[in-house]
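Below: the structure, in structure tokens.
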Amino acid sequence: MSKKSQITTAQILSAALNVAADQGAGKVTLDAVAKVSGLSKGGLLYHFPTKEALITAMVQQLIDETETSRQALILQGDNVLAAVIKAHANFSSQVKGNTAMAILAAAAEQPALLGPVQQVSRKVMHEIAEASGDNAEALMLLLASEAMIFQELLHISPLSSEQKANLEHYMLGRAQELMK
């Protein structure tokens, strides 16, 4: 892929993310994304021939960003579980508005588009199970972290900022103890 093509793809994905965040999942159409990106519809179709291809790329971008964060944390010395908990906390604080939820909602209209999310979830759960000796508490901490991020994304979290920070601190402490 040429550098210009990469820039254009990034611009298109950015425009699509903005449409999702500002207008909602149902408004992510090729026409809307072309308009926001400043490309012609033909230019958009060159990069993403279908709405499904565009949504797949949006989902993959979310996965890649989260995985990059997780891997960086592991390289900095965090264990697998602590890295996931921190990556989830960072993700929920960095995502613009309703972007992630809008993308997942759009993908949920066609469950096959969520396949990559399921694959990463299985991979991470397997890594944690393996590293912890299949410790039930480690898996519970993973699931609690995922529940917290989805509650944040859905704007239904009953936790105050202080409670959330305290829970994350507790979960990270337990992750350090369990994954020795």
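Numbering-wise, the numbering used here comes out as the position in the sequence shown, counting from 1, plus 4. All C-beta atoms in this analysis are idealised placements derived from N, C-alpha and C, irrespective of residue type, glycine included. Source: prediction; values computed, not measured.
Inter-residue distance for L143 and A24 is about 32 angstroms (C-alpha atoms, whole angstroms). By the neighbour-count criterion, in which 16 or more other beta carbons inside 10 Å mark a residue as buried, I160 falls on the exposed side.
DSSP places D68 in the helix class (H, G or I) of the three-state scheme.
Residue state for E113 is assigned as coil, using DSSP reduced to three classes. For V40, the uninterrupted alpha helix (DSSP H) run begins and ends at 34 to 41, by DSSP. Nearest to A93 by alpha-carbon distance, out of E134, G47, S149, H51, is S149. V37 and A135 have their C-alpha atoms spaced approximately 42 angstroms apart.
Closest option to Q27, judged by alpha-carbon separation, among A87, V40, Q15: V40.
Distance from the CA atom of L176 to the CA atom of E141, rounded to whole angstroms, is 12 angstroms.
Counting only the Cα atoms, D68 lies some 26 angstroms from K45.
Judged by their CB atoms, V63 and V128 are not nearer to each other than the 8 angstroms cut-off. The shortest CA-to-CA distance from P53 to any of I16, N83, L157, R74 is the one to I16. Apart from the 5 residues on each side of it in sequence, A61 sits with its Cβ closer than 7 angstroms to the Cβ of L17, F52 in its chain, given in chain order. Within the model, the alpha-carbon separation for L34 versus A151 is close to 32 angstroms. With respect to L147, S96 sits apart: the two C-beta atoms are not nearer than 8 angstroms.
Judged by beta-carbon spacing, A76 lies beyond the 8 angstroms limit of Q180, meaning their Cβ atoms are not closer than that value. Taking 8 angstroms as the cut-off, the beta carbon of L58 is found no closer than this to the beta carbon of A116. With fewer than 16 other Cβ atoms from the protein chains shown falling within 10 Å of its own Cβ, N170 counts as exposed.
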